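**Q** First the structure, then my questions, so here it is.
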Amino acid sequence: MPSLLYFIVEQRKQPDLRGLPTAVVQYNAWKGGALIAVSYEARKYGVKRSMRGAESKQVCPQIQLVQVPVARGKADLSTYRNAGSEVVSILSRKGRCERASIDEVYLDLTDAAETMLAEAPPEILEVIDEEALKSHVLGLNSEDGSDAKESVRKWLCRNDADRRDKLLACGAFIVAELRLQVLKETEFTCSAGIAHNKILAKLASGMNKPAQQTVVPFSSVKVLLDSLPIKKMKQLGGKLGDSLQSDLGVNTVGDLLQFSEEKLQERYGINTGTWLWNIARGISGDEVEGRLLPKSHGSGKTFPGPQALKTIASVQHWLHELCEELSERLQLDLDQNKRIAHTLVLHATAYKVSDSDSHKKFPSKSCPLRYGTAKIQEDALSLFQAALREYLGSYTAKMQGSQNNHWGITSLSVSASKIVPIPSGTASITKYFHGHPSCSSTKQSQNNLIEEATPVPPSGNESYSEVNVTKPQIEFPGEETMIKYAETSSDQLEDKIDLLNDQNPCCSSTNQACDEFTQETVLVSTSGNEHCSGMNQSQPMKNYSGEESCVTLSMPSFNRQEQKRKAVKDKRTCSILRFFKNQDPSCAPQKLEHVENTEDVKAPPLSPGIQSRSNNCLDQNRSELPKERPPEDAGDSNVCGSFQIEHRRGGAWSYNIDEIDPSVIDELPPEIQQEVRAWIRPHKRHNTVKRGSSIAHYFLPTKNT
DNA sequence: CATCGGCACACT
DNA sequence: GAGTGTGCC
């Protein structure tokens with residue numbers, strides 16, 4: 015956990031730590047605990063994460079070690095989570111915001127940048143924000159002798175710049191302001207990257223730390239990537255990056271350019287291959303998701319070495335602690351965000367003393383999640399026992415309770431996933447999630463039903479004997495929810511939207527008493543053609559005047575057939591359409607029948623790469639609705655022609671997706687936004703390349719050249 | 001044994 | 001859809 019956030023949070027608690035070499039450590043007992051965050055001052059002394067506390071004292075005797083809070087015998091990260099939420103609530107003011115991790119956020123500032131460019135472009139500003147002037151602009155030849163700030167100012171305010179760079183400049187101003195805002199309101203500092211897509215923004219954000227921002231002009235992308243070590247790219251820091259280096263001899267991102275998309279797909283599968291081909295060119299269609307809340311909650315702990323758990327009783331004890339924390343967080347999520355988790359998952363790792371198949375993994379198990387701490391504890395234990403039996407296989411060590419010589423548990427974790435917003439009119443429903451005893455009074459007759467739906471009622475047959483009262487309410491989250499929305503009065507609807515505009519509902523009730531100082535990462539992508547950081551800048555963007563359809567720059571637009579193709583899919587769509595219908599009569603579908611034509615949609619005769627690139631580039635043409643893929647962009651002209659992806663349509667899809675005003679989408683509750691965007695975006699393709707059962711296969715040498 | 005605990009996502 | 005594995009912070 016390299017997160018500096020942890021450090022800053024602690025610094026905020028103890029201001030006198032500022033300027034001192036400091037590290038955050040958890041569990042002081044064994045060798046001084048593990049370092050999980052190290053201040054820059056401490057780094058100068060050679061202190062690294064991966065060191066133990068005692069070790070760090072050796073290289074830096076004066077280091078200040080601060081401990082992670084402990085609750086229920088385990089690390090409690092809630093203060094850090096809350097700190098992240100504080101920042102998110104500020105950053106989400108200016109655009110779509112994705113909370114990528116506890117200390118990382120992506121923003122889509124396209125709209126804000128467009129607006130600024132139209133209404134108050136940098137060139138007319140009289141006073142230039144000092145913070146913006148401190149930006150690092152990649153590729154800006156700071157001609158010796160000239161002041162860095164002055165050249166940044168010139169770049170930011172250049173009148174004759176490419177429009178894409180103008181948007182980035184606006185983004186730089188907006189980000190500078192946001193960072194100041196964060197500092198003012200939370201005392202945390204943050205770094206940021208400003209670029210045309212997420213992966214480049216992410217890359218840039220790490221280039222000048224701490225507390226600085228870096229811009230990647232469109233024209234600098236190629237130079238930047240050419241010599242960039244491959245493993246610096248997000249997602250390539252692990253085995254995939256290793257494989258690129260050792261198997262393909264790719265050491266820099268630029269080295270990737272020599273491989274055809276097909277070649278990369280051959281080796282790494284369709285999706286990864288295409289993804290690699292694209293990022294080599296600075297292209298990424300990865301969208302900023304508009305999600306301020308986590309998709310799952312988990313609580314876990316490791317029991318290394320001699321601490322391994324060897325009795326059911328000890329496992330039960332720790333599961334109780336973990337489940338208690340999880341339950342508490344679920345309850346908070348429910349109260350604050352009106353969301354319900356549907357699935358409980360148990361993970362563990364174990365060792366088994368040498369026996370035949372002794373390095374089998376301890377299996378994960380899941381079951382429907384029932385609210386209430388006691389129920390969660392009970393279910394988690396049942397899951398554990400089921401997994402343990404499977405793990406131990408044939409020989410069932412009967413010895414429970416007392417020491418056993420056969421196995422030991424070295425880690426335990428419980429998590430809750432499939433979290434969806436509560437349908438609506440929550441008041442009467444939510445009480446059932448507060449662990450009310452009333453839950454248990456349900457009919458036996460339904461037990462079978464539940465048990466059937468629940469694959470793992472391990473030992474205790476009573477584990478699942480209680481019917482989950484909430485079930486009927488949440489069984490069809492997608493459809494039900496949408497319908498509820500559709501039926502909601504406009505008042506309630508506004509509530510939903512308020513929730514969204516409220517910035518961060520999840521921290522509304524949390525601390526604003528802030529006094530300190532922090533470091534966090536802000537990643538920003540902006541610009542209309544955000545996905546298109548292709549190398550080929552020779553082609554100026556076409557112009558357009560958006561009237562044609564209700565396309566806004568905040569969303570990629572595709573041609574109509576394309577949209578139709580993507581829109582099909584699940585029945586959930588149907589309910590969403592209803593939502594739209596009620597929302598905006600002007601876009602109302604005439605009929606809601608939808609067609610099951612997704613299956614016959616044999617992939618059109620073009621590669622996914624082409625598909626992706628096309629999509630990316632359409633952005634440039636926005637309202638033009640090109641009939642064919644524009645030749646510009648990615649240099650590789652062999653990809654053109656393919657745009658009729660869609661001619662596969664055929665079906666009787668009766669809803670004109672084009673008629674949905676995309677700007678409306680931004681105003682929907684986040685979960686709906688997500689779903690709606692999902693249709694409009696290209697979907698991942700199934701990997702048709704058969705290669706064996708594991709993805710590790712991709713990393714193995716292949717016969718075909 | 002001992003980089004912890006935690007997320008997200010791809011793949012089968 | 002459940003379970004595994006990877007990768008990041």
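The number in this note's numbering is simply the position in the first sequence, starting from 1, with 14 added. C-beta: ideal position from N, C-alpha, C; glycine also. These numbers were taken from a predicted model, which means no experiment stands behind them.
1) Out of curiosity, what's the CA-to-CA distance linking V329 and L323?
2) Which runs of the alpha helix (DSSP H) at least 4 residues long sit entirely within the region 41-98? Give them in chain order.
3) For Q227, list the residues DSSP reports as bridge partners.
4) How is L323 classed by DSSP in three states: helix, strand or coil?
5) Here's the rule: buried if 16 or more other CB atoms are within 10 angstroms of the residue's CB, otherwise exposed. What is P29?
6) Considering only the alpha carbon of each residue, which of E112, A215, L79 lies closest to A186?
7) Residues in its own chain within less than 7 angstroms of R95 by CB, not counting five upstream and five downstream?
8) Figure out for me which residue from L239, Q399, F232 has the closest Cα to the Cα of A209.
9) Under the DSSP definition of a beta bridge, which residues are partnered with T363?
10) Would DSSP call R193 helix, strand or coil?
11) Are at least three pairs of beta-carbons, each pair with one atom in the region 263-281 and one in the region 289-297, less than 8 angstroms apart?
12) Would Q391 pass as a contact of H334 if the rule is Cβ separation under 7 angstroms?
13) Near H361, what residues of its chain come up, given a Cβ to Cβ distance below 6 angstroms and the 5 sequence neighbours on each side ignored?
14) When DSSP labels each residue in this structure, what does A134 get in the three-state scheme?
15) Just to confirm the assignment, what range does the beta strand (DSSP E) spanning S380 have?
16) Which one of T36, T129, K236, I433 has the shortest CA to CA distance from H311?
17) Roughly how many whole angstroms lie between the Cα atoms of R178 and S70?
18) Among K27, H420, S380, which residue has its Cα nearest to the Cα of E201?
19) Just grab the DSSP bridge partners of L18 for me.
20) Should the region 139-158 be regarded as contacting the region 119-127, the criterion being three or more beta carbon pairs within less than 8 angstroms?
21) Cutting at 6 angstroms between CB atoms, please list the residues of its own chain near S429, excluding the five before and the five after it.
22) So, is E133 buried or exposed, given that buried needs 16 or more other C-beta atoms within 10 angstroms?
23) Looking at C-alpha atoms only, which residue of K375, Q350, L340 is the closest neighbour of D393?
24) Let me make sure I understand the geometry here. Which of R66, I213, Y282 has the alpha-carbon closest to that of L49?
25) Taking only the alpha-carbon atoms, compute the straight-line gap between G721 and C111 and give it to the nearest angstrom.
26) Taking S431 as the reference, give the member of A68, P308, V23, Q259 with the closest Cα.
27) Does DSSP classify I104 as helix, strand or coil?
28) For the beta strand (DSSP E) holding G312, just list the boundary residues, first then last.
29) Taking the Cβ atom as the reference point for each residue, do T363 and T424 lie within a distance shorter than 7 angstroms?
30) When burial is assigned at 16 or more other CB atoms within 10 Å of the CB, is N419 buried or exposed?
31) What do you reckon, are the CB atoms on L105 and L131 nearer than 7 angstroms?
32) When DSSP labels each residue in this structure, what does V141 get in the three-state scheme?
33) Can you tell me whether DSSP reads K148 as helix, strand or coil?
34) Under the three-state reduction of DSSP, which class applies to P243: helix, strand or coil?
35) Count the other CB atoms, across all protein chains shown, that sit within 10 Å of the CB of H150; report buried if there are 16 or more and exposed otherwise.
36) Can you tell me whether DSSP reads L358 as helix, strand or coil?
**A** So, from the data block:
1) In the first sequence, residue 329 corresponds to position 315, counting from 1. In the first sequence, residue 323 corresponds to position 309, counting from 1. Rounded to whole angstroms, V329 to L323 spans 6 angstroms at the Cα level.
2) 54-58, 67-73
3) Here residue 227 refers to the residue found at position 213 of the first sequence. Partner(s): A206.
4) Along the first sequence, read from residue 1 onward, the residue named residue 323 stands at position 309. L323: strand per DSSP, three-state reduction.
5) Position 15 of the first sequence holds residue 29. So P29 counts as exposed.
6) Mapped onto the first sequence, residue 186 falls at position 172. Considering only alpha carbons, the answer is A215.
7) As a first step, residue 95 must be located in the first sequence, where it is residue number 81. Around R95: I116.
8) Residue numbering aside, residue 209 sits at position 195 when the first sequence is read from its first letter. For A209, the nearest C-alpha among the options comes from F232.
9) Here residue 363 is taken as the residue at index 349 of the first sequence, counted from 1. DSSP output for T363 lists S425 as bridge partner(s).
10) As a working note, residue 193 is residue 179 in the first sequence. If DSSP states are grouped into helix, strand and coil, R193 belongs with the helices.
11) yes
12) Here the question's residue 391 lines up with position 377 in the first sequence. Here the question's residue 334 lines up with position 320 in the first sequence. Closer than 7 angstroms, so yes.
13) Against the first sequence, residue 361 aligns to sequence position 347. Excluding residues within five positions, the ones whose Cβ falls inside 6 angstroms are S378, S427.
14) Translated into positions along the first sequence, residue 134 becomes position 120. Three-state result, A134: coil.
15) What you label residue 380 is simply residue 366 of the first sequence in a count that begins at 1. 379-382 is the extent of the beta strand (DSSP E) around S380.
16) To locate residue 311, count along the first sequence from 1; it is residue 297. When each option's Cα is compared against that of H311, the closest is I433.
17) Reading the first sequence from its first residue, position 164 is the one you call residue 178. Reading the first sequence from its first residue, position 56 is the one you call residue 70. Their backbone Cα atoms lie some 46 angstroms apart in a straight line.
18) If you number the first sequence from 1, residue 201 lands on position 187. The candidate whose alpha carbon is nearest that of E201 is K27.
19) Stepping through the first sequence from its first residue, residue 18 is reached at position 4. None; L18 has no bridge partner.
20) no
21) As a working note, residue 429 is residue 415 in the first sequence. Within the same chain, S429 has close Cβ partners S310, G312, V359.
22) Along the first sequence, read from residue 1 onward, the residue named residue 133 stands at position 119. Its Cβ having fewer than 16 others within 10 Å, E133 is exposed.
23) In the first sequence, the residue the question calls residue 393 occupies position 379. Among K375, Q350, L340, the Cα nearest to that of D393 belongs to L340.
24) Walking along the first sequence from the start, residue 49 turns up at place 35. Ranking the options by Cα distance to L49, first place goes to R66.
25) Lying outside 15 to 719, the shown extent of the chain, residue 721 is not represented and no answer is given.
26) Reading the first sequence from its first residue, position 417 is the one you call residue 431. Checking every option, the nearest Cα to that of S431 belongs to P308.
27) Numbered from 1 along the first sequence, position 90 holds the residue referred to as residue 104. I104: helix per DSSP, three-state reduction.
28) Here residue 312 refers to the residue found at position 298 when the first sequence is read from its first residue. Element bounds for G312: 311-316.
29) Here residue 363 is taken as the residue at index 349 of the first sequence, counted from 1. Here residue 424 is taken as the residue at index 410 of the first sequence, counted from 1. Yes; because the gap between Cβ atoms is below 7 angstroms, this pair is in contact.
30) As a working mapping, residue 419 is identified with position 405 in the first sequence. Burial call: exposed.
31) Sequence index remark: in the first sequence, residue 105 carries index 91 (1-based). Sequence index remark: in the first sequence, residue 131 carries index 117 (1-based). Not a contact, by the Cβ cut-off of 7 angstroms.
32) By one-based count along the first sequence, residue 141 stands at place 127. Coil.
33) On the first sequence, position 134 is the one that residue 148 refers to. The answer is coil: DSSP assigns K148 none of H, G, I, E or B.
34) Sequence index remark: in the first sequence, residue 243 carries index 229 (1-based). Looking at P243 - three-state DSSP - the assignment turns out to be strand.
35) Residue numbering aside, residue 150 sits at position 136 when the first sequence is read from its first letter. The residue is buried, with at least 16 neighbouring Cβ atoms inside 10 Å.
36) Looking up residue 358 in the first sequence gives position 344. In this structure, L358 counts as strand in the three-state DSSP scheme.
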